[in-house]
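Asker: Quick one: structure below, then a few questions.
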Amino acid sequence: MYRYFIQPQLNKMNNSLIGYELLIRKHSDNGWQVPKLFSEIPAPVIADMLAETTAKLVLKIGSVSVNLNRTQMMNKQINAALIKAQDQLRPLKLNVELTEEPGDEAITNADLEPMFKRFIQRGMEICLDDVGTGDNQINEIEALFPYVSEIKFALQNFKESFQDPKIQAKVVYWRDIARKENLRFILEGIEDDADDLEIDLRQGYYYGKPHLLKINADDPD
Numbered sequence: 010m011y012r013y014f015i016q017p018q019l020n021k022m023n024n025s026l027i028g029y030e031l032l033i034r035k036h037s038d039n040g041w042q043v044p045k046l047f048s049e050i051p052a053p054v055i056a057d058m059l060a061e062t063t064a065k066l067v068l069k070i071g072s073v074s075v076n077l078n079r080t081q082m083m084n085k086q087i088n089a090a091l092i093k094a095q096d097q098l099r100p101l102k103l104n105v106e107l108t109e110e111p112g113d114e115a116i117t118n119a120d121l122e123p124m125f126k127r128f129i130q131r132g133m134e135i136c137l138d139d140v141g142t143g144d145n146q147i148n149e150i151e152a153l154f155p156y157v158s159e160i161k162f163a164l165q166n167f168k169e170s171f172q173d174p175k176i177q178a179k180v181v182y183w184r185d186i187a188r189k190e191n192l193r194f195i196l197e198g199i200e201d202d203a204d205d206l207e208i209d210l211r212q213g214y215y216y217g218k219p220h221l222l223k224i225n226a227d228d229p230d
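Written out as structure tokens, the structure reads:
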């Protein structure tokens, strides 16, 4: 069984809740776990779960973010579910986060651009997740900036703590790129106080852990 957990995204400047990110979890004998490979999740499962979950979030928040790798982004069934979800959420925004996951190398930026245009026409927004990780380096993703509203830097992708000067330098680097390109910048994976830098939009255990959004009354806790 798969379900979405939701994690709050906050604007630290005015201490307001700006949205939720939907995070897929799989239930097993050991409880809810993060899937080893998101590419193994069947497209029909993602499509059905996305429609059912967003239906429960209508009018509750400003935006909802959902993670997809490049392979999932190109799947027609998932695409149809995204459009249905946006129609359910309107006037709220569905923010589609493009993640960095091994195995997606064959899908080029040129392949993604028509899909991005279609999403934007339907009122969605695009986020580049995991910037600075794996293939999501500046020279690989800057061609997508004209279609993007937001970039995210994930602290959990690095072994070093946020207080490490090297990590802070990376965060500042991407924060400044976002400012230059007029994009929102979210710092995620925050587990302790992160007031050292001028970053308004934040996400992480420090501000709220992901929690299950039940679709059915008998969903396990």
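Residue numbers (our numbering): 10 to 230.
All residues carry an ideal CB built from backbone N, CA and C; glycine is no exception.
Rounded to the nearest angstrom, how far is the Cβ of Ala89 from that of Leu59, given a contact under 8 Å?
Answerer: Not confirmed; about 10 Å, so no contact.
Asker: Quick one: measure Cβ to Cβ for Glu200 and Ala163, integer angstroms, because I've assumed they're closer than 8 Å.
Answerer: No, Glu200 and Ala163 are not in contact; Cβ-Cβ is about 12 Å, not under 8 Å.
Asker: Cβ atoms of Asp227 and Leu221: under 8 Å apart, would you say?
Answerer: The answer is no: Cβ separation not under 8 Å.
Asker: Hey, is the stretch 16 to 29 in contact with the stretch 211 to 220, meaning 3+ C-beta pairs nearer than 8 Å?
Answerer: Because the criterion of three Cβ pairs below 8 Å is met, the stretch 16 to 29 and the stretch 211 to 220 touch.
Asker: Are the stretch 114 to 133 and the stretch 152 to 162 touching by the rule of at least three beta carbon pairs closer than 8 Å?
Answerer: In short, these stretches touch, since the Cβ pair count reaches three.
Asker: Ordered along the chain, which non-local residues of its own chain (more than five positions away) have a Cβ less than 8 Å from that of Ala56?
Answerer: Hits under 8 Å: Gln86, Ile87, Ala89 and Ala90.
Asker: My assumption, with CB atoms under 8 Å, is that Ile147 sits in contact with Leu192. Please give the rounded CB distance.
Answerer: About 13 Å separates the two Cβ atoms, so there is no contact after all.
Asker: In whole angstroms, give me the CA-to-CA distance for Val54 and Asp185.
Answerer: One C-alpha to the other measures close to 38 Å.
Asker: Are three or more beta carbon pairs between the stretch 77 to 84 and the stretch 102 to 112 nearer than 8 Å?
Answerer: Yes, since at least three Cβ pairs between the stretch 77 to 84 and the stretch 102 to 112 fall closer than 8 Å, the two stretches touch.
Asker: Suppose the cutoff is 8 Å on Cβ atoms and the five residues either side in sequence are ignored; what does the same chain contact list for Gln97 look like?
Answerer: These residues qualify, in order along the chain: Ala60, Thr63, Ala64 and Val67.
Asker: Within 10 angstroms of its Cβ, does Asn24 collect 16 or more other Cβ (buried), or is it exposed?
Answerer: Burial call: exposed.
Asker: How would you label Glu134, buried or exposed, when you count the other beta carbons within 10 angstroms and need 16 or more for buried?
Answerer: Under this definition Glu134 is a buried residue.
Asker: With respect to the alpha helix (DSSP H) encompassing Ile224, which residues constitute its N-terminal and C-terminal limits?
Answerer: Per DSSP, Ile224 belongs to no alpha helix (DSSP H) and is neither H nor E.
Asker: Is Ala115 helix, strand or coil when you go by DSSP?
Answerer: Coil, per DSSP.
Asker: Between the Cα of Ile6 and the Cα atoms of Phe128, Gly71 and Met10, which residue gives the shortest distance?
Answerer: Given that the chain is displayed from residue 10 to residue 230, the structure contains no residue 6 and the question cannot be resolved.
Asker: Following the continuous beta strand (DSSP E) through Leu91, name the residue where it begins and the one where it ends.
Answerer: It is not in any beta strand (DSSP E) - Leu91 instead sits in the alpha helix (DSSP H) that spans Lys85 to Leu98.
Asker: Quick check on the DSSP output: the alpha helix (DSSP H) that includes Leu107 runs from which residue to which?
Answerer: It is not in any alpha helix (DSSP H) - Leu107 instead sits in the beta strand (DSSP E) that spans Lys102 to Leu107.
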